[in-house]
Every structure is written in C-alpha cells, then in structure tokens.
Amino acid sequence: ERVFKFLWIASQEIYTCIRTENFPVWRYCGVGIIFSYYLLFDLDIKLAQFFDSEFYLEPNSYKLALTLFTAASGLIFFGFEKASSRMKLTNRLQKAFDYCDLKSGGLYPSFIKDEPIDEYVRQMKIFVPGIPLQRFKDKKIELEAHFNVNIVKMFEEENDKTRINMVYSMRDLPTSLLLENAENYVDGDIPIGLGYGTEIKINLKDMGHMLVAGQTGGGKSNFLKTVTSILCFNNTDADVHFLDFKEGIEMMALKNKLGSTQKNFHTKDGPEKSIEYLGGLIEVLTTRLNEIKRSGAINFDEYLKKQVGAVPQVNTEIKSAVQNKVEKLKRLFIVIDEVAEVYVKSPVSTTERKTKAREAINKIARQGRAAGVHLIVATQKPDSQSFDQTVKTNMPAILCFPMPSQAASVSVLGTKRAFDLNPEIKGRAIYKFGPALHEVQTYYFQ
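Residue numbers for the sequence shown follow this note's numbering, beginning at 18 and rising by one.
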C-alpha cells in the first residue's frame, strides 16, 4: 500500500509540474536526454568502431527500451524526489500540529495536497474541521520554525472554512529594499526588483510599454516614482511626463526630488490636465511617425542613427550645433498613475475629450515603440470595465502587486499568483513577461 501511494504521489507531482510549466527540464533530464540521443543514433557503435572496441549495444528492442527509459529517467527521478519530500512533509505536519496544539476534539488536521506555484513557492491545502483560521495565524511563527519555511499567506477556501491554504516559500526575499547604484540604469533600463537570487530589470526601449497593477497600498505608486526618477536622471536626452489622476498627491514627492533639477521632467496635475495632454498625443504621434518616415528610417532608433550620421564631418563645435538642430525628436516616456480614470464616467471631462484620450493611449500602445513613445500605465484592476483590453495586449511587461481576490489576479496575470502574495509586505509583486512569472521585491523610493 505504501509503494502504491508513493507511486501515485510521484505521478501527481510530475503531472502538476508539467501542467503548470514549472518543471526544470534540463536540471533533471539534461543528462538523460543527451545519453538517449547517444543511443538513439547508435553513436555507441560508431565510437566502438573508432576505438576498435566491442563495448556497444546492438540495435534491438532492449536498446530501444533503454533509450526511452534514459530519456524519461529525469522525469521519474523528479517524481520520486518530490514524492519522498511530500511523504516526509506529511509526517512533519503531524508532529508540527502536535507541537503547536492544533487539534480539535483529539483530531489533527489532515493533509490534502501540496503543489508548486513556482520554483521556490508552494501551496499546501489541509482539512481542518473545527479549527478556525485565526488559530493557525496565531501559530504562524512556530509553524515556520518547525518547517524551516516562510509562510507567505494563509486563507480559507471560498464558502468552506474546513479547508485552509498555506502559501509558503522555501527561500526568502528582503521585505524592504533600497536602490543602490541608480546611475547604472541607463539608456532606457529600469529596475523591476530583486527576485530569488537575481535582480530583474528591463529596457523600456526594447520592451515598448509596461502595465502596473495592484490594490491600493501595495506599492504601485512607489514603483512609479522610482522608475520616473531613474528615467529622468539617466536619460537626459529624453522627456519624461508623469500624469497623476490623484489630484497631485503622488506628484509632490516627485516635484520635490526632480522639479528643480531635472529639465526633462514634466508633470500634469489632476484628471483634467492629464486627459487634455493625452488627447493631444494623437497629433504628436502622427507628426513623429511622419518625421521618421521622411528621414527614410523605419523606426525611432534608426531615425536617431540617421540624424547623427547626417551631421557633416566638421570641427567639434560646429558638429555639435548642427546635430542639436537636426535631432528634432526626443524619446518620450509617459507614466500614467490610475489610468482607469480615463475609462470611467466622470463629471471632470467631457465624453469627447475622454474618447480622444483613450484613442491616444490605444494608438501609442500599437505604434508608440516605433515612434519612440513609451507608456508605463498603472491601475488597480485592468478589467474590461476600467481598461481597454486591446491596450493591455500590447503591453508585454506586467508588474502586479497583491490582489484582493483570485479573479482580480487572473484578470492581470492569467493566474491567481498575485492573490498568493502577502499584502502586508509592501513592494512585493509578480513580474510577468511572456509565460514566465517572477516574484520580486521592488525598490523603495527615496
């Protein structure tokens, strides 16, 4: 019975990791795959002939079976390793619940399942009849010490208080992070945050646009202020516009830091000025695209190269003067805090002005990268009622801070991963590019 249970758990672990695309293929299967190719193409025979050796396998059903087994050996080893860990975990659970006195009427909580969320984070589900969630939260420190993990979050199943989910991490991230060497993020680079063992940064010039989402107080505005500062300080040949729909609340900190020193920092306070500015961007984008086309370039990067290359080879002072005259267009970074205000009904702006602003955002999302115009937009929940979904599809980089529900997380990331974050850790987020998800601690705005 124990053997059957072990094999069943192993198969579950293999299936779950493949389904969630979390299986580390080369770590477990690399050697097996290489050796199976060695057998499949009869390289052992060729090698034996080269060294005049008799140590090789004749092509037959035995060799074919060995080849298939070798190819799958990493997968099997992975399943066995995880099954062994899970059975040990079940035994440790019993001891932990006994140590923490988490039982009701002499009955201990029973294990339901434990599955990976990503490489370092897992989610355990347990059956807890008669034991309230608060008792588990009160014993959080003891449970962490017993399992040697960091419990990120504990929550009940919807409409079922007998099932509790524990999201836990086998590695830790800092809960507060100051940005050092800010001057290193040049030429469109922006810092996302620190992941498990590595820093994550992106280049907005290459990426095009970025979406930032999350519930109030999670860290969106802090991230926007940090990124705006980096773009202003390290891209002096570009213009950075910060549009604040919060009536200037977030703007004050940026103005205090950038307003008097950074000539490339521009602000629009409040909904009315922000919407008016957005509406004017349609004409700006059209003009930029026409200018790029007129120069014979296919995008903004090529346009800049052509402008520099068009300057005659004259003395340095004359060359500098001519170059400044030729390079009419600057790269444009537009940061929008609470973009949902453009899409909801409001007495502040007319329907016509808002429609024009929406059209501008949509056009920039589609054509802005080629014109050297880049968006970073933030909103609490980018669902169809508060955000244009065609704009969202043109934003390959997504940073999502804690979400209040699984549905809200799915609307941003396509998974419930942001719901699994601990909302008490300010600045904790999930970064998504393509199918890959990374938990990160973002930097604190100084």
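Cβ coordinates follow ideal geometry from the N, Cα and C atoms, glycine included.
Legend entry - For R103, the three-state DSSP class (helix, strand or coil): In the three-state reduction of the DSSP assignment, R103 falls in the helix class, which pools H, G and I.
Inset, instruction - Give every residue of the same chain whose Cβ lies closer than 7 Å to the Cβ of I168, excluding the five residues on either side of it in the sequence, and list them in chain order. - result: These residues qualify, in order along the chain: K157, L160, E161, M183 and Y185.
Inset, instruction - Using the Cα positions of M412 and P41, report the straight-line distance between them to the nearest angstrom. - result: Their backbone Cα atoms lie some 27 Å apart in a straight line.
Inset, instruction - Pick helix, strand or coil for T33, following the three-state DSSP scheme. - result: T33: helix per DSSP, three-state reduction.
Legend entry - In DSSP terms, what R180 is bridged to: Beta-bridge pairing links R180 to F144.
Inset, instruction - Report the residue from Q463, T459, A255 and H455 whose alpha carbon sits nearest the alpha carbon of Y137. - result: Here the closest residue by C-alpha is H455.
Inset, instruction - Tell whether a beta-carbon distance below 9 Å holds between V257 and F240. - result: Going by beta carbons, V257 and F240 fall outside the 9 Å limit.
Inset, instruction - Mind the definition here: the region 351-365 touches the region 393-402 only if three or more C-beta pairs lie below 8 Å; say whether that holds. - result: Enough Cβ pairs lie closer than 8 Å, so yes.
Legend entry - Endpoints, the alpha helix (DSSP H) within which G291 is located: The sequence shown places Ser at residue 291, rather than the Gly named in the question. S291 -> alpha helix (DSSP H) spans G287 to R311.
Legend entry - As assigned by DSSP and simplified to three states, the class of N108: N108 falls in the helix class under three-state DSSP.
Legend entry - I315 - partner residues in DSSP beta bridges: Beta bridge pairing from DSSP links I315 with no other residue.
Inset, instruction - Pull up the DSSP beta-bridge partners for E174, would you. - result: Paired residues: D177.
Inset, instruction - Could you tell me which residues DSSP puts in a beta bridge with G210? - result: DSSP, once it has assigned bridges, lists I217 as partnering G210.
Legend entry - G431 versus L416: straight-line alpha-carbon distance, rounded: Each residue's CA atom was taken as its position, placing G431 and L416 some 13 Å apart.
Inset, instruction - Inspect the beta-carbon positions of I351 and L271 and report whether they are closer than 9 Å. - result: In this structure, L271 does not lie closer than 9 Å to I351 by Cβ.
Legend entry - Contact under 9 Å by Cβ, R109 with F164: In contact: R109 and F164 (Cβ atoms closer than 9 Å).
Legend entry - Cβ neighbours of R383 in the same chain (closer than 7 Å, five flanking residues each side left out): The residues are N411.
Legend entry - Terminal residues of the beta strand (DSSP E) in which M227 lies: For M227, the enclosing beta strand (DSSP E) covers residues M227 to A230.
Legend entry - Minimum Cβ-Cβ distance from G231 to chain E less than 9 Å: Although the question refers to chain E, the structure presented lacks it and comprises just one protein chain.
Inset, instruction - Name, in chain order, the residues that DSSP records as bridge partners for F505. - result: What the structure shows of the chain is the stretch from 18 to 463, and residue 505 is not part of that stretch, so it cannot be assessed.
Inset, instruction - Check S28 in the structure and name its three-state DSSP category. - result: Helix at S28.
Inset, instruction - Please classify D131: is it buried, with 16 or more other beta-carbons within 10 angstroms of its beta-carbon, or exposed? - result: By the Cβ neighbour-count rule, D131 is buried, with 16 or more other Cβ atoms within 10 Å of its own.
Inset, instruction - Indicate the three-state DSSP secondary structure (helix, strand or coil) for Q458 in the structure shown. - result: Residue state, collapsed to three classes: strand.
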